[in-house]
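What follows is one structure encoded as structure tokens, with my remarks underneath.
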Amino acid sequence: MSDRTLFMKHDAILDLIGGMAQVLRNRLRDRELDNPAMIGIHTGGAWIAELLAEQLDLQESTGLLDISFYRDDFTQIGVNPQVRPSKIDFDLDGRNIILVDDVLHTGRTIRAAMNEIFDFGRPASITLVALIERSGRELPVQPDVIGLSPPLALNDHIKLNGPDPLSLEILHDNQTAR
Amino acid sequence: MSSQPSHKLQLNEHGRLRHFLTIDGLSRDLLVQILDTAESFAALPGRPVKKVPLLRGRIITNLFFENSTRTRTTFELAAKLLSADVINFNISTSATSKGETLLDTLRNIEAMHSDMFVVRHAQSGAAHFIAEHCSPRVSVINAGDGRHSHPTQAMLDMFTIRKHKGDFTPLRVAIVGDVLHSRVARSQILALNTLGVSEVRIVGPRTLLPTEARALGVHVFHDLEEGIKDVDVVIMLRLQNERMDGALLPNEHEYFRLYGLTDERLEAAKPDAIVMHPGPMNRGIEMDSEVADGPRSVVLQQVSYGIAVRMAVMSMAMQSQADLAGGEA
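First to last, the sequence lines map onto chains A and B.
Counting from 1, one number per residue, gives the positions in the first sequence under the working numbering.
Counting from 1, one number per residue, gives the positions in the second sequence under the working numbering.
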């Protein structure tokens, strides 16, 4: 019996991202957040960020953050063996940043990402976008734009696979990994 | 001086790096993991804030029983860029010539709650000895012991080679000069062979090459131009007069005439060959200034990359403490 359940396929996820792009566009307009720059959190967030940047017609290259060196659980789990260099080719100072992650869960990843962003410069604002928002927040982190909030059991995890095709799967109990 | 083989001692029960004492016995995958992790740290100098908080609150102690300002400084900088606090001890070799004294020194410094020792010692096996006798919650990094090993230098050299050449497997690498006294060369040979290069050569006068050279898996040359013919990488070594017991060379002028690297001689290597030197360099003895400052020299890049590689090794070794704490990656 499988411990993984396919939750959403590629086309449905693209539709979801299309909807998120529209909400994001409106939010940027309403709050007068000009000249935004996109940053995706490695790896799933980076995939979503690329797709959103395309739909928002952002000309600048999308920034990539690997927050491994900023995690607060290094003393428990050590350094990620597959760290990729963070890459932000634009000047962050005074920019309106759109920070994108695939799944917002405890909020610790976003905390680490914001700490890292401030080591690159001081942005004017950060708008947080998450494809999936789920329960289990441990820090007061609130997304500005979300794709979906699926009901998940406490021990279930949702994982984005990709980038082509994209798929969302739910991992139950013993399949969950941190 | 020590009983347990280094390669067993330096891995924990999960196969992760606990100490970094020697390249000997480490797998290709582990060496590649060090290089990959270093790649991320190498990107830090491009940022306004060059530090990461990974080892915040940890104490790293540099135990230098032998002077080496540059190596100590790169270790210190690496630790500080990881946000660790650093203590430097420069300890006279004469005060620790006996094992018991070394152990006493160790116990005293351990009482200062250090999480990691970076050890430089004139005696081969010193870092291993300390790793065997220190608390399980302390990691030991070998920053050079006698003629034995200098693994972080070898890894920064591997990092430099990968940056310039990509894949290791097709490469032909020549190590030129005083291999006999060089812990760097021994570590380089082990690393190059583990990473699967096509051919490793050592080039030098018979008096400066180890007698067991061929057992190291290298090809031996006594003529410089023949030795560097068609190679992709030329690694020049420093003449270590301070380690020579007697007159192993006629004189330095004669050495340069036979083994000094000049632009003219470098033509024997491949046109895109890079030239490396672990430093400090003796210009006009091992290498002509034209080569040292020329377009094929990557000597200064080696120094920069050394910081990233040491950050990688330190953070990976500190991970073993996460395993001790019962966490899992």
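We treat Cβ as the ideally placed atom computed from N, Cα and C, and that holds for glycine.
| Asked | Found |
| --- | --- |
| Is any beta-carbon of chain B found at less than 8 angstroms from that of Ala46/A? | no |
| Look at the Cβ atom of Ile170/A, then the Cβ atom of Gly147/A, and state whether they are nearer than 8 angstroms. | no |
| In terms of residues, what are the limits of the beta strand (DSSP E) holding Thr61/B? | Ile59 to Phe64 |
| Put Arg4/A into one of helix, strand or coil per three-state DSSP. | strand |
| Exposed or buried, Gln10/B, counting other C-beta atoms within 10 Å across all chains shown (16 or more means buried)? | buried |
| Please report the Cβ distance between Val197/B and Val173/B, rounded to the nearest whole angstrom; I am assuming they are in contact, meaning their Cβ atoms lie under 8 angstroms. | 6 angstroms |
| Figure out for me which residue from Gly260/B, Gly46/B, Met281/B and Pro151/B has the closest Cα to the Cα of Ser124/B. | Pro151/B |
| For Ile98/A and Asp30/A, I'd like the C-alpha separation in whole angstroms. | 15 angstroms |
| My output table needs one value for Lys159/A: the three-state DSSP class, helix, strand or coil. | strand |
| Along chain A, which residues have their Cβ under 9 angstroms away from the Cβ of Ala43/B? | Pro85, Ser86 and Lys87 |
| In angstroms with no decimal places, state the Cα-to-Cα distance between Leu26/B and Val32/B. | 10 angstroms |
| Which runs of the beta strand (DSSP E) fall wholly inside the segment 130-196 of chain B and span at least 3 residues, in chain order? | 139-145 and 172-176 |
| Which value, in whole angstroms, describes the spacing of the CA atoms of Leu161/A and Pro150/A? | According to the sequence provided, residue 161/A is Asn. The question's Leu does not apply to it. Distance between the alpha carbons of Asn161/A and Pro150/A is about 17 angstroms. |
| Less than 8 angstroms between CB atoms is the rule here; does Gly121/A satisfy it with respect to chain B? | yes |
| Short check: CB of Glu286/B to CB of Gly144/B, under 8 angstroms? | no |
| Three or more beta-carbon pairs under 8 angstroms between the segment 132-147 of chain B and the segment 155-175 of chain B, yes or no? | no |
| Using a threshold of 8 angstroms, state whether the C-beta atoms of Gly279/B and Val309/B are closer than that. | no |
| Taking only three categories from DSSP, how would you classify Ser2/B? | Annotation note: pLDDT 49 at Ser2/B (below 50); position unreliable, coordinate value reported separately. Coil. |
| Do you know offhand how far Thr105/B's Cα is from Asn96/A's? | 54 angstroms |
| Could you please give me the residues that DSSP links to Ile127/A through a beta bridge? | Note that residue 127/A is Thr in the sequence shown here, rather than Ile. In DSSP, Thr127/A forms a bridge with Ile98/A. |
| For Thr74/B, I'd like the list of residues in its chain whose CB is within less than 8 angstroms of its CB, leaving aside the five on either flank, ordered along the chain. | Val303, Gly306, Ile307 and Arg310 |
| Given a cut-off of 8 angstroms, decide if Gly107/A and Val141/A are closer than it, judged by their beta-carbon atoms. | yes |
| Taking buried to mean at least 16 other C-beta atoms within 10 Å of its own C-beta, is Asp11/A buried or exposed? | exposed |
| Since Phe20/B sits in a beta bridge, which residues does DSSP pair it with? | Ile141/B |
| How long is the line joining the alpha carbons of Lys50/B and Asp66/A, rounded to whole angstroms? | 15 angstroms |
| His19/B: which of Thr69/B, Phe117/B and Phe41/B sits nearest, CA to CA? | Phe117/B |
| Since Lys87/A sits in a beta bridge, which residues does DSSP pair it with? | Leu64/A |
| How big is the Cα-Cα spacing for Lys9/A and Val179/B? | 59 angstroms |
| In chain order, what residues of the segment 107-124 of chain B put their CB closer than 7 angstroms to some CB of chain A? | none |
| For Ala329/B, collect the residues of the same chain with a Cβ closer than 7 angstroms to its Cβ; drop the 5 residues on either side in sequence, then sort them by chain order. | Because Ala329/B sits at a pLDDT of 33, beneath the cut-off of 50, its placement in the model cannot be relied upon, and the following sentence gives the value as read from the coordinates. Nothing meets the Cβ criterion. |
| Report the neighbours of Ser40/B on chain A: residues whose CB is nearer than 8 angstroms to its CB, in chain order. | Asp66, Ser68, Phe69, Val83, Arg84, Pro85 and Ser86 |
| Taking the straight line between their C-alpha atoms, what separation do you get for Arg84/A and Asp36/B? | 8 angstroms |
| Determine, for Leu54/B, whether the minimum Cβ-Cβ distance to residues of chain A falls below 8 angstroms. | yes |
| Taking the alpha carbon of Glu32/A as the point to measure from, which residue in Ala124/A, Asn155/A and His172/A has its own alpha carbon closest? | Ala124/A |
| So that I know if they touch, is there some Cβ in chain A lying closer than 8 angstroms to that of Arg47/B? | yes |
| Quick one: using the 10 Å Cβ neighbour count with 16 as the cut-off for buried, is Arg214/B buried or exposed? | exposed |
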